[in-house]
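In the numbering used here, the protein residues as written are 395 to 860.
1. Can you tell me the Cβ-Cβ gap for residue 615 and residue 594, rounded? I've got them flagged as a contact below 8 Å.
2. Judging by CA-CA distance, which residue of 643, 566 and 516 is the nearest neighbour of residue 533?
3. Contact between the region 680 to 688 and the region 659 to 672 is defined here as three or more beta-carbon pairs at a separation below 8 Å; is this criterion met?
4. Please confirm whether residue 777 and residue 759 have their CB atoms less than 7 Å apart.
5. Do you know offhand how far residue 784's Cα is from residue 478's?
6. Which runs of the beta strand (DSSP E) at least 3 residues long sit entirely within the region 652 to 734? Give them in chain order.
7. Is it the case that the Cβ atoms of residue 824 and residue 831 are separated by a distance below 7 Å?
8. Taking the alpha carbon of residue 848 as the point to measure from, which residue in 827, 791, 755 and 626 has its own alpha carbon closest?
9. Could you tell me the distance, in whole angstroms, from the CA atom of residue 666 to the CA atom of residue 633?
10. DSSP three-state label for residue 434, please.
11. Let me confirm a value: residue 770 is counted as buried when at least 16 other C-beta atoms fall within 10 Å, else exposed. Which label applies?
12. Please confirm whether residue 472 and residue 494 have their CB atoms less than 7 Å apart.
13. Tell me the residue span of the beta strand (DSSP E) that contains residue 511.
14. Residue 568 lies in the beta strand (DSSP E); which residues open and close that run?
15. Alpha carbons only, please: which of 435, 574, 590 and 546 is nearest the one belonging to residue 562?
16. Going by DSSP, which residues form a beta bridge with residue 528?
17. The beta strand (DSSP E) that contains residue 335, what's its start and end?
18. Quick one: measure Cβ to Cβ for residue 693 and residue 513, integer angstroms, because I've assumed they're closer than 8 Å.
19. Please confirm whether residue 440 and residue 750 have their CB atoms less than 7 Å apart.
20. Quick one, are the C-beta atoms of residue 689 and residue 654 less than 7 Å apart?
21. Below 6 Å CB to CB, which residues in the same chain sit around residue 508 once its five sequence neighbours on both sides are set aside?
22. Taking Cβ to Cβ, would you say residue 779 is nearer than 7 Å to residue 447?
23. Say whether chain B places a C-beta atom closer than 7 Å to the C-beta of residue 535.
24. For residue 632, write down the residues that DSSP places opposite it in a beta bridge.
25. Using CA atoms only, rank isn't needed, just tell me which of 818, 796, 647 and 794 is closest to residue 805.
26. For residue 687, does the count of other Cβ atoms within 10 angstroms reach 16, so buried, or fall short, so exposed?
27. What does the Cβ neighbour count give for residue 717, buried or exposed, with the cut at 16 atoms within 10 Å?
28. Buried or exposed: residue 691, going by 16 or more other Cβ atoms within 10 Å of its Cβ?
29. List the DSSP bridge partners of residue 740.
30. When DSSP labels each residue in this structure, what does residue 537 get in the three-state scheme?
31. Which residue comes first and which comes last in the beta strand (DSSP E) that contains residue 474?
32. Helix, strand or coil for residue 548 per DSSP?
33. When you compare only the Cα positions, how much space is there between residue 628 and residue 792?
34. Can you give the beta carbon distance from residue 815 to residue 782, rounded, assuming they're within the 8 Å contact cut?
35. Can you tell me the Cα-Cα spacing of residue 571 and residue 584, whole angstroms?
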């Protein structure tokens, strides 16, 4: 979209033409705000789900202009990849099956959780496989391709089994590089520890072998980690703000499945257990209001703008499952924006439901303050709240050219005329000003912020969307 078109569209909104979804945002408070659509502000596709019936989703960073996606297929019998120049394009992209399990013997059982990584000019897939006579005799294996295009099946060959300290149940391997060293993190059942799986880290010597002894960095002990099964699995690493963040999933693969977080200082020895601190509570859980159940086994990527972090995960859109949840096919791959608190820690919020782009609303002169709904439903302004979901809204257009503000974590409710969440929405129109926008209330007045209080007055507060 050209600046001329964006400016014309924005002025149309200011004039009350009702073009929905446009706002103002700034990457820095000191930078003059530029008109951007809500979709541009959010920066992440809102199609739900991104890919149907793909559990354990993994999306690569953009590589040579393309994203690549893989995940567990419901049949657990093959590894398939798809690629696109945009995240949204992955939804309709054709799949390429790069490997199928053999008809019998080793690796002919369940095929789980493939991950695709580009290392030293070659592609590698790490995956877990069982055997035909014991589909749960799960071990980790590595595929390798020297070709530039990972979608070309002709390049892929089985490299080896990735051997760990113990010949036991091993899965969900991921790899990352940090300060000149490459590491592997994986889930494994360690002998003499009475849990299903814990998480381990080791330094890698090659993309298919370890060069150090493993260090156990977390084992399931808290209530939220031992529901149904005692599980820590599905690790994913994100290095930001002087820290190494490692998410993982816990408990059974039904609605109790959830995500936890480990954090290490970027300067720490990552092979020391003491370097890792586990959050006491889960950071991403089932949300019945948004109809997202059992969110987990995530990965991370970065949006097309090169800076917006994206959370990739699977979740079902119903709670009740018939039979073993492992064989329910409807764990769908989803994406949503990952936010950051001013102290450099990640804000995950809730697994969002269906709808359009999501924004947060900030007074233009108070960039660390956000409009939010309180526990009692009153809409207020608060300094950088950690309850991300309470600060997230969707502008939704109405036929008369006005818009309403729908809550993200309570999607059946809107900001109402009494400036509380309710089922009767307050109608507003956006009016562009030089440093942001104002929200004019249908019927008279503007939204005005004084301290933490929001009211309707003759002089509106200048706002920005982020």
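Just so it is clear, CB atoms sit at the ideal spot from N, CA and C, and this is done for glycine as well.
Once the coordinates are examined:
1. Incorrect: roughly 16 Å between the Cβ atoms, too far for contact.
2. Nearest in C-alpha terms to residue 533, of all of 643, 566 and 516, is 566.
3. Inter-segment contact for the region 680 to 688 and the region 659 to 672 is absent: fewer than three beta-carbon pairs are separated by less than 8 Å.
4. Taking 7 Å as the Cβ cut-off, residue 777 and residue 759 do not qualify as a contacting pair.
5. C-alpha separation (whole angstroms): 33 Å.
6. 652 to 659, 687 to 696, 703 to 710 and 726 to 731, all fully within the region 652 to 734.
7. Contact: yes.
8. If we check each option's Cα against that of residue 848, 755 comes out closest.
9. Using only the alpha carbons, I get a separation of about 17 Å.
10. Helix.
11. The residue in question, residue 770, is exposed, as its Cβ has fewer than 16 Cβ neighbours within 10 Å.
12. With a cutoff of 7 Å on beta-carbon distance, residue 472 and residue 494 are scored as near each other.
13. Taken as a continuous stretch (DSSP letters only), the beta strand (DSSP E) holding residue 511 covers 505 to 513.
14. Residues 564 to 572.
15. Selected option, being the one with the closest Cα: 590.
16. According to DSSP, which records beta bridges pairwise, residue 528 is partnered with 525.
17. Any answer about residue 335 is impossible in this case: the structure gives the chain only from 395 up to 860.
18. Not really, about 16 Å apart at Cβ, beyond 8 Å.
19. With respect to the 7 Å criterion, residue 440 and residue 750 are classified as neighbours on the basis of their beta carbons.
20. Their beta carbons are not under 7 Å apart, which means residue 689 does not touch residue 654 by this criterion.
21. So the list reads 464, 473, 519 and 521, once near-sequence residues are dropped.
22. No, these two residues do not count as a Cβ contact at 7 Å.
23. The structure shown contains no chain B; it is built from a single protein chain.
24. Residue pairing by DSSP places residue 632 opposite 639 in a beta bridge.
25. Nearest option by C-alpha distance: 818.
26. Burial call: buried.
27. Within 10 angstroms of the beta-carbon of residue 717 lie fewer than 16 other beta-carbons, which makes it exposed.
28. It counts as buried.
29. In the DSSP output, where bridge partners are listed per residue, residue 740 has 734.
30. Assigned with DSSP and collapsed to three states, residue 537 falls in strand.
31. 472 to 478 is the extent of the beta strand (DSSP E) around residue 474.
32. DSSP places residue 548 in helix when its eight states are reduced to three.
33. Taking the straight line from one Cα to the other gives about 42 Å.
34. About 16 Å separates the CB atoms of residue 815 and residue 782; that is not less than 8 Å, and the two are not in contact.
35. Annotation: residue 571 to residue 584 spans about 25 Å, alpha carbon to alpha carbon.
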